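The next block holds one structure in the form of structure tokens; read it before the comments.
There are 2 protein chains.
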Amino acid sequence: MQPQATSLAALSAYFKNDYFPLTEKEEQALASRFTERSIKRRAFLLQQDEICQYASFVVRGCFKLYAVDQSGKEHILQFAVENEWVTDLASFYAQKPSGVYIEALEPALVLQIKHADLLDLFTHFHKFDRNFRILVERGYIALQNRILQSISANAEERYQNFLDQHPHLANRLPNTQIASYLGITPEFLSKIRKDRVTKV
Amino acid sequence: MQPQATSLAALSAYFKNDYFPLTEKEEQALASRFTERSIKRRAFLLQQDEICQYASFVVRGCFKLYAVDQSGKEHILQFAVENEWVTDLASFYAQKPSGVYIEALEPALVLQIKHADLLDLFTHFHKFDRNFRILVERGYIALQNRILQSISANAEERYQNFLDQHPHLANRLPNTQIASYLGITPEFLSKIRKDRVTKV
DNA sequence: CTGAAGGCTTAACCTAGTTTAAGACTATTT
DNA sequence: AAATAGTCTTAAACTAGGTTAAGCCTTCAG
Numbered sequence: 001m002q003p004q005a006t007s008l009a010a011l012s013a014y015f016k017n018d019y020f021p022l023t024e025k026e027e028q029a030l031a032s033r034f035t036e037r038s039i040k041r042r043a044f045l046l047q048q049d050e051i052c053q054y055a056s057f058v059v060r061g062c063f064k065l066y067a068v069d070q071s072g073k074e075h076i077l078q079f080a081v082e083n084e085w086v087t088d089l090a091s092f093y094a095q096k097p098s099g100v101y102i103e104a105l106e107p108a109l110v111l112q113i114k115h116a117d118l119l120d121l122f123t124h125f126h127k128f129d130r131n132f133r134i135l136v137e138r139g140y141i142a143l144q145n146r147i148l149q150s151i152s153a154n155a156e157e158r159y160q161n162f163l164d165q166h167p168h169l170a171n172r173l174p175n176t177q178i179a180s181y182l183g184i185t186p187e188f189l190s191k192i193r194k195d196r197v198t199k200v
Numbered sequence: 201m202q203p204q205a206t207s208l209a210a211l212s213a214y215f216k217n218d219y220f221p222l223t224e225k226e227e228q229a230l231a232s233r234f235t236e237r238s239i240k241r242r243a244f245l246l247q248q249d250e251i252c253q254y255a256s257f258v259v260r261g262c263f264k265l266y267a268v269d270q271s272g273k274e275h276i277l278q279f280a281v282e283n284e285w286v287t288d289l290a291s292f293y294a295q296k297p298s299g300v301y302i303e304a305l306e307p308a309l310v311l312q313i314k315h316a317d318l319l320d321l322f323t324h325f326h327k328f329d330r331n332f333r334i335l336v337e338r339g340y341i342a343l344q345n346r347i348l349q350s351i352s353a354n355a356e357e358r359y360q361n362f363l364d365q366h367p368h369l370a371n372r373l374p375n376t377q378i379a380s381y382l383g384i385t386p387e388f389l390s391k392i393r394k395d396r397v398t399k400v
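Here the protein sequences line up with chains A and B, keeping their order. Be aware that the first sequence starts at 1, since it is given in this note's numbering, and climbs by one per residue. Be aware that the second sequence starts at 201, since it is given in this note's numbering, and climbs by one per residue.
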């Protein structure tokens, strides 16, 4: 669907606030290449074994990106809310089948761009190469911190850290989803929460 | 030190094989901005609380990038061998104190570029913006796989996976270092290795 | 040649986190 | 309004992996 002006404004503002701001020409280039899509709760942006066709910018709502292991358990790698991107980079850039799911946790609205159109944008507008380099750099740094956490902190410390770094998400998401993100069972998260209360 | 021709040739070949190959002009731009440095075994490229001044390309040797937790334990986030980069991106890009160490596991030779010189390279030669975007994308994908592993696989599976993905490293590194990378104790790795032998 | 320092293994004991199961509570659907 | 499906908690039994400690091998500096 043709994107609404308000959605595009959100994307422009995003670049303006956090990256090299776009010229009018560059904004027009966005407008002609992004499409808008509204997603129902529990609908999928991507399912395992599909090729990730779109990079998606979240205008409204909330998504989880997760993998399912042999025993059928979900493992959440990333949440994405307003003004964040949610894409399986491995599948998107190589255009090969994905190993993950991207699912809406709330009714959502996204702006999407196809892989070929993004490459086209990179080719014609130097600034996008640069802005996306920085964007991925920041993602890389965030991931590295997450690995460090998962290796060196116990469950309670990881939970505390999650609360510190994503206070808004802690209220917005059910504990089952947070537990999956932290790599523990909901039952054990429940115990941690209980122990914290009686401790403090 | 002024880089040797052979080191620069390794860096050029690296871009040629895996990225958009460089023109002669771009290669010259590298030559004037990279410096060569040889590192003794157990010497540090970076220590905690220092600012990561250089992005380092490994010409020869092997490094570990690790963090130390409150109880003094090392947690290895990354190994880097020939034709790989080793840099604390968080510290390097933000030019703020690092939370990690980078230490040589073998006598090593690296090519280094300062943050300002790299930005300069990005500004004057579009191709570096692009090549480094792709480089970080690939690093991002590798990290995401690692997180997935650490969340959803048990120690034995992680070890098997390490052997599959880094067969050369498995012979090159002591098991203590591999254990630290896998997030387990050397004793437990020893047990896994024993169980695998008797199992097969 | 010798001693010190790593590195690898084994084994007994310990603990963080899982599993299973059950009950209460809250949303969503019909 | 009832039915259904998800959510949160508690608790007992269990398991993956950690800790401590000891013994043996190799390497390398003096």
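Positions of the beta carbon are idealized from the N, C-alpha and C atoms, including for glycine. Computed from a predicted model, the values in this text were never measured in an experiment.
Exercise. Could you check if P3 of chain A is buried or exposed, using at least 16 other CB atoms within 10 Å of its CB as the buried criterion?
Key: Walking along the first sequence from the start, residue 3 of chain A turns up at place 3. Buried: at least 16 other Cβ atoms inside 10 Å.
Practice problem: Enumerate in chain order the residues of its own chain whose CB-to-CB distance from N331 of chain B is below 7 Å, with the five nearest sequence positions on each side excluded. | Solution: For the purposes of this step, residue 331 of chain B is taken as the residue at position 131 of the second sequence. Counting only Cβ-Cβ distances below 7 Å, and skipping sequence neighbours, we find F215, Y219 and F220.
Exercise. Output, in chain order, the set of chain A residues within a Cβ distance shorter than 8 Å of Q344 of chain B.
Key: Within the second sequence, numbered from 1, the residue matching residue 344 of chain B stands at position 144. Residues of chain A whose Cβ lies closer than 8 Å to the Cβ of Q344 of chain B are, in chain order, L77, L89, A90 and L143.
Quiz item: Tell me, which residues are paired with T206 of chain B by DSSP?
Solution: Start at 1 with the first residue of the second sequence, and residue 206 of chain B comes out as number 6. In the DSSP output, where bridge partners are listed per residue, T206 of chain B has none listed.
Practice problem: Go ahead and pull the three-state DSSP assignment for E36 of chain A. | Solution: Stepping through the first sequence from its first residue, residue 36 of chain A is reached at position 36. Three-state DSSP puts E36 of chain A in a strand.
Quiz item: Buried or exposed: which applies to R146 of chain A, given that a residue is buried once 16 or more other Cβ atoms fall within 10 Å of its Cβ?
Solution: Stepping through the first sequence from its first residue, residue 146 of chain A is reached at position 146. R146 of chain A comes out buried.
Quiz item: E337 of chain B to R196 of chain A, Cα distance in whole Å?
Solution: Position 137 of the second sequence, counting from 1, holds the residue named residue 337 of chain B. Position 196 of the first sequence, counting from 1, holds the residue named residue 196 of chain A. If you draw a straight line from the Cα of E337 of chain B to the Cα of R196 of chain A, it is about 39 Å long.
Quiz prompt | Nearest-angstrom Cα separation, counted from A210 of chain B out to Q165 of chain A | solution = Here the question's residue 165 of chain A lines up with position 165 in the first sequence. Here the question's residue 210 of chain B lines up with position 10 in the second sequence. Taking the straight line joining both Cα atoms gives about 41 Å.
Self-check item: Chain-ordered chain A contacts of G272 of chain B [CB-CB under 7 Å]
Solution: Here residue 272 of chain B is taken as the residue at index 72 of the second sequence, counted from 1. Simply none; closest approach about 11 Å.
Quiz item: At a Cβ cut of 9 Å, what residues of the segment 240-262 of chain B count as close to chain A, listed as they run along the chain?
Solution: none
Exercise. With DSSP collapsed to three states, give me the class of Y214 of chain B.
Key: Here residue 214 of chain B refers to the residue found at position 14 of the second sequence. In this structure, Y214 of chain B counts as helix in the three-state DSSP scheme.
Practice problem: Would you kindly check if the distance between the Cβ of L230 of chain B and the Cβ of L208 of chain B is under 8 Å? | Solution: By one-based count along the second sequence, residue 208 of chain B stands at place 8. By one-based count along the second sequence, residue 230 of chain B stands at place 30. Yes, they are a contact pair.
Exercise. Please say whether A308 of chain B and I239 of chain B have beta carbons closer to each other than 8 Å?
Key: The residue you call residue 239 of chain B lines up with position 39 of the second sequence. The residue you call residue 308 of chain B lines up with position 108 of the second sequence. Contact: yes.
Quiz item: To the nearest whole angstrom, what separates the beta carbons of I334 of chain B and E356 of chain B, a pair I think is in contact under 8 Å?
Solution: Walking along the second sequence from the start, residue 334 of chain B turns up at place 134. Walking along the second sequence from the start, residue 356 of chain B turns up at place 156. Actually they do not touch by this definition, with Cβ atoms about 34 Å apart.
Quiz item: Alpha carbon to alpha carbon, what distance is there between D249 of chain B and L318 of chain B?
Solution: As a first step, residue 318 of chain B must be located in the second sequence, where it is residue number 118. As a first step, residue 249 of chain B must be located in the second sequence, where it is residue number 49. Their Cα atoms are separated by approximately 22 Å.
Practice problem: Let me know if A316 of chain B comes out buried or exposed under the rule of 16 or more other beta-carbons within 10 Å of its beta-carbon. | Solution: The count along the second sequence starts at 1 and reaches residue 316 of chain B at position 116. Flag for A316 of chain B reads exposed.
Self-check item: Local Cβ density within 10 Å of S298 of chain B, reported as buried at 16 or more and exposed below that
Solution: Position 98 of the second sequence, counting from 1, holds the residue named residue 298 of chain B. The residue is buried, with at least 16 neighbouring Cβ atoms inside 10 Å.
Self-check item: 7 Å CB neighbourhood of Y254 of chain B in its chain, flanking five on each side removed
Solution: As a working mapping, residue 254 of chain B is identified with position 54 in the second sequence. The answer, listed in chain order, is Q312, I313 and K314.
Self-check item: A355 of chain B (DSSP reduced to helix, strand or coil)
Solution: Here residue 355 of chain B is taken as the residue at index 155 of the second sequence, counted from 1. Looking at A355 of chain B - three-state DSSP - the assignment turns out to be helix.
Quiz prompt | Within 8 Å, strictly: CB atoms of G383 of chain B and I141 of chain A | solution = Residue 383 of chain B sits at position 183 when you count from the first residue of the second sequence. Residue 141 of chain A sits at position 141 when you count from the first residue of the first sequence. Cβ distance not < 8 Å, so G383 of chain B and I141 of chain A don't count as in contact.
Quiz item: Is it true that the CB of L321 of chain B sits closer than 8 Å to the CB of R237 of chain B?
Solution: Counting from one through the second sequence, the residue named residue 237 of chain B turns up at place 37. Counting from one through the second sequence, the residue named residue 321 of chain B turns up at place 121. Contact flag unset, no.
Quiz item: Closer than 7 Å, Cβ to any Cβ of chain B: which residues of the segment 126-160 of chain A, in chain order?
Solution: Those would be H126, D129, R130, F132, R133, V136, E137, G139, Y140, I141, L143, Q144, R146, I147, L148, S150, I151 and S152, in chain order.
Quiz item: If we cut at 8 Å on Cβ distances, does F188 of chain A have a partner in chain B?
Solution: One-based indexing of the first sequence puts residue 188 of chain A at position 188. Output row for F188 of chain A: interface = no.
Quiz item: Since E303 of chain B sits in a beta bridge, which residues does DSSP pair it with?
Solution: Walking along the second sequence from the start, residue 303 of chain B turns up at place 103. Per DSSP, B:F244 and B:K264.
Exercise. Can you tell me which of the three DSSP states I184 of chain A falls into?
Key: Numbered from 1 along the first sequence, position 184 holds the residue referred to as residue 184 of chain A. Of the three classes helix, strand and coil, the one that applies to I184 of chain A here is coil, per DSSP.
Self-check item: chain B residues whose Cβ lies nearer than 7 Å to that of A67 of chain A
Solution: Position 67 of the first sequence, counting from 1, holds the residue named residue 67 of chain A. Those are L348 and S352, listed as they occur along chain B.
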